[in-house]
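Peer 1: Pasting a structure here, questions to come.
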Amino acid sequence: MSDIKTEINRRRTFAIISHPDAGKTTLTEKFLLYGGAINLAGSVKGKATARHAVSDWMEIEKERGISVTSSVLQFEYDNYCINILDTPGHQDFSEDTYRTLMAADSAVMVIDASKGVEAQTRKLFKVCVMRHIPIFTFINKMDRDANDTFDLLDEIEKELGIATCPINWPIGSGKGFKGVYDRRSRSVITYSDTQKGTKEGETSIINVDDREALLSHIGEEAEDKLLEEIELLDGASAEFDLDLVQKGDLTPVFFGSALTNFGVEIFLQHFLEMTTTPLPRKADIGLIEPTEHEFSAFVFKIQANMNKAHRDRIAFMRICSGRFDAAKEVKHVQGNKVMRLSQPQQLMANDRKILDEAYAGDIIGVFDPGIFSIGDTICMPKDNFRYEGIPTFAPEHFARVKQLDTMKRKQFVKGITQIAQEGAIQIFQEFNTGMEEIIVGVVGVLQFDVLKYRLENEYNVEIRLENLPYEYIRWITNKDIDLNAISGTSDMKKIKDLKGNPLLLFSHEWSIGMTLDRNKGLELAEFGKNE
Ligand code: G4P
């Protein structure tokens, strides 16, 4: 048993979040490089896939079979076993991106130093906050002209509502980037441009009190500024408090340049020290401790294979406790079935391998003949508990679906319901009618194309999508309210989800507040319950 404990305790499972182009891929590549998982950075994944035009996307997915956008990368570093959950770029942005965060124990937020907090970071950050997981900030691209450091920290605090604690501090930026000052050791690590593919850079470490050495390395102007900033910083910034970090109330901040490989390893080392081992998870029988329970897992993502010839799906599970043994039978709780998981696999850098065992903290993908749903629990045959469901995240784009050939009604309903069950889209109905009028909601617009493509190719049904002007959705959470009596704004629409739960759509954010004002007692939620 102690072996299992050791294995679990050396695991670190985190997601990287950022706005596209902030440098997430580059940073991941460098992590892998330090882990020795690849020889040359640059081969992590088809980075270009995130940037392909929508039309290319289908071809890419077909070629790839199972999407690599779902990448979970595992590598070893300094006796840690690290699982990185990749969150796809803006073209691929979907509810899956949010769900991926449900499987992580912490998040690394990459911010472009010249842009600050951007839209996508803000969205993903909300989910991290909801889960109270630790968040680490890497401010990237210091080799380019950056915003003022204090302003960057201020922006994170104000926009995201989290306290910041700089672990290191940049000295200049762009052409004048000289390195970083490490606050704990009171030393300056000088910048060296270590290009792609090599680990070692020519850096010097200088004690900040050794003024002569400092002067000769960074020059008078940078030295003066640094000393002034250190004084300000020590007086003004939050104290480092590991407890607050682990609760997600304080984010440690690091500066560096992923491209030139500066500050990446320091970040990785600190991060591994400060982040958490696999976290316990809530189930209906209480908290399940990773090292106390035998194997259990939950499904957080289902990926349909776009290849028509193999209409199979992969269910991605996060192992929450114990050790997974591919030879043993497990129970799918929601299906009430004891079974052996088929072709369990793990993605390692750009490889996929069938595995025999895995531990709490790991992510495995298994062949799914169509039995799993998002949020399902898998445990040992003798056990019987369910993990808390994964919330339904608010879609931001809506369209009415028009079926072109009304004779194919059955295929249409089957197709759209199945695609919705996989969680790629959400479907809704007019409040007072049934399935004859379907409204589809997505988190990222690319999903509209995915829906159209899949209905045509897999179900032989053609549709037309009419965009609707709504952008905000709220679930009505009070059960006892008279739905017909709700008086809303002119841009409000009442709909229901597949389970009959009532929802409201709005075109403008301010209408939500007005509707709440006009209907005393009305309770609205941004996330739905997926149970
Ligand atoms: P993403 O996954 O977050 O979308 O970002 P990605 O790593 O793909 O980086 C986006 C662009 O920013 C890339 O340039 C990359 O080389 C560059 N970049 C990443 N980190 C740094 C950094 O620390 N400094 C500088 N100066 N640039 C950085 P690109 O020209 O779009 O792609 P490529 O032609 O270099 O592959």
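With the sequence shown counted from 1, adding 22 to any position gets you the numbering used here. Even glycine gets a Cβ: it sits at the ideal position worked out from N, Cα and C. Nothing here was measured: the structure is a model prediction, and the numbers come from that model.
Look up H17 in the DSSP assignment and say whether it is helix, strand or coil.
Peer 2: It is not possible to answer for residue 17, since the shown part of the chain is limited to 23 through 553.
Peer 1: So what's T537 in DSSP terms, helix, strand or just coil?
Peer 2: The answer is helix: DSSP assigns T537 an H, G or I state.
Peer 1: What are the residues that DSSP puts in a beta bridge with W191?
Peer 2: Beta-bridge pairing links W191 to Y203.
Peer 1: Can you tell me whether E493 is helix, strand or coil according to DSSP?
Peer 2: Note: E493 maps to coil in three-state DSSP.
Peer 1: If you reduce the DSSP assignment to three classes, tell me which class F453 lands in.
Peer 2: In the structure shown, F453 sits in coil (DSSP, three-state: anything other than H, G, I, E or B).
Peer 1: Going by C-alpha distance, which of G344, S343, A337, C342 is nearest L363?
Peer 2: Comparing Cα-Cα distances from L363 to each of G344, S343, A337, C342, the minimum goes to A337.
Peer 1: Skipping 5 residues on each side, what residues in its chain have a beta carbon closer than 8 Å to that of T50?
Peer 2: Closer than 8 Å at Cβ, skipping near neighbours: I38, V66, L95, I106, D108.
Peer 1: Determine the burial state of I376: buried for a count of at least 16 other Cβ atoms within 10 Å of its Cβ, exposed for fewer.
Peer 2: I376 should be labelled exposed.
Peer 1: Per DSSP, what are the beta-bridge partners of I447 in this structure?
Peer 2: Looking at the DSSP assignment, I447 forms no beta bridge with any residue, so it has no partner.
Peer 1: Return yes when the Cβ of K200 is within less than 7 Å of the Cβ of I240, no when it is not.
Peer 2: Yes, the Cβ-Cβ distance between I240 and K200 is below 7 Å.
Peer 1: How is E480 classed by DSSP in three states: helix, strand or coil?
Peer 2: If DSSP states are grouped into helix, strand and coil, E480 belongs with the helices.
Peer 1: With distance defined between alpha-carbon atoms, name the residue in K521, T313, P403, R121 nearest to E452.
Peer 2: Answer by Cα proximity: K521.
Peer 1: Could you tell me the distance, in whole angstroms, from the CA atom of T273 to the CA atom of N454?
Peer 2: One C-alpha to the other measures close to 47 Å.
Peer 1: Compare the C-alpha of S128 against each of Y56, N283, V149 and name the closest.
Peer 2: The residue with the shortest Cα to Cα distance from S128 is V149.
Peer 1: So what's S6 in DSSP terms, helix, strand or just coil?
Peer 2: Nothing in the structure corresponds to residue 6, since the chain is present only between 23 and 553.
Peer 1: By Cβ distance below 6 Å, which residues in the same chain neighbour N541 in space, the five residues on each side in sequence not counted?
Peer 2: Around N541: I508.
Peer 1: Thinking just about the alpha-carbon of each residue, which of I133, P156, K137, R422 is nearest to the one in L123?
Peer 2: Closest by alpha carbon: P156.
Peer 1: Let me know the secondary structure DSSP gives T22 once reduced to three states.
Peer 2: The requested residue 22 does not occur in the structure, where the chain is confined to residues 23 to 553.
Peer 1: Could you pull the start and end residues of the beta strand (DSSP E) that L54 belongs to?
Peer 2: Looking at the DSSP string, L54 is not in any beta strand (DSSP E); the run it does join, the alpha helix (DSSP H), is 46-57.
Peer 1: Alpha carbon to alpha carbon, how far is E243 from Y2? Give it in angstroms, no decimals.
Peer 2: The chain is shown from 23 up to 553; residue 2 falls before or after that span and cannot be answered.
Peer 1: Based on the DSSP secondary-structure assignment, which residues constitute the bridge partners of L520?
Peer 2: According to DSSP, which records beta bridges pairwise, L520 is partnered with nothing at all.
Peer 1: DSSP state of T414, grouped into three classes?
Peer 2: Looking at T414 - three-state DSSP - the assignment turns out to be strand.
Peer 1: CB-CB under 7 Å to R486, same chain, minus the five flanking residues each way: which ones, in chain order?
Peer 2: The residues are K424, L426.
Peer 1: Over the uninterrupted beta strand (DSSP E) stretch that includes I341, give me the two end residues.
Peer 2: It spans 335-343 - the beta strand (DSSP E) in which I341 sits, taken as one unbroken run.
Peer 1: From the DSSP output, read off the bridge partner residues of D210.
Peer 2: The sequence given here places Val at residue 210; Asp does not occur at that position. DSSP output for V210 lists Y203, I228 as bridge partner(s).
Peer 1: Considering Cα atoms alone, identify which of D246, A326, G198 is closest to K163.
Peer 2: The candidate whose alpha carbon is nearest that of K163 is G198.
Peer 1: State the beta-bridge partners of Q325 as determined by DSSP.
Peer 2: Its beta-bridge partners are I336.
Peer 1: So, for M402: in the same chain, excluding its five sequence neighbours on each side, which residues have a beta-carbon less than 7 Å away from its beta-carbon?
Peer 2: Excluding residues within five positions, the ones whose Cβ falls inside 7 Å are E316, F317, V352, K353.
Peer 1: Kindly provide the ranges of any beta strand (DSSP E) runs that are 3 or more residues long and lie completely inside the segment 240-281, ordered along the chain.
Peer 2: As far as the segment 240-281 is concerned, its whole beta strand (DSSP E) runs of at least 3 residues are 272-277.
Peer 1: So is S512 buried or exposed if we call it buried at 16+ other beta carbons inside 10 Å?
Peer 2: Answer is exposed; the Cβ neighbour count stays below 16.
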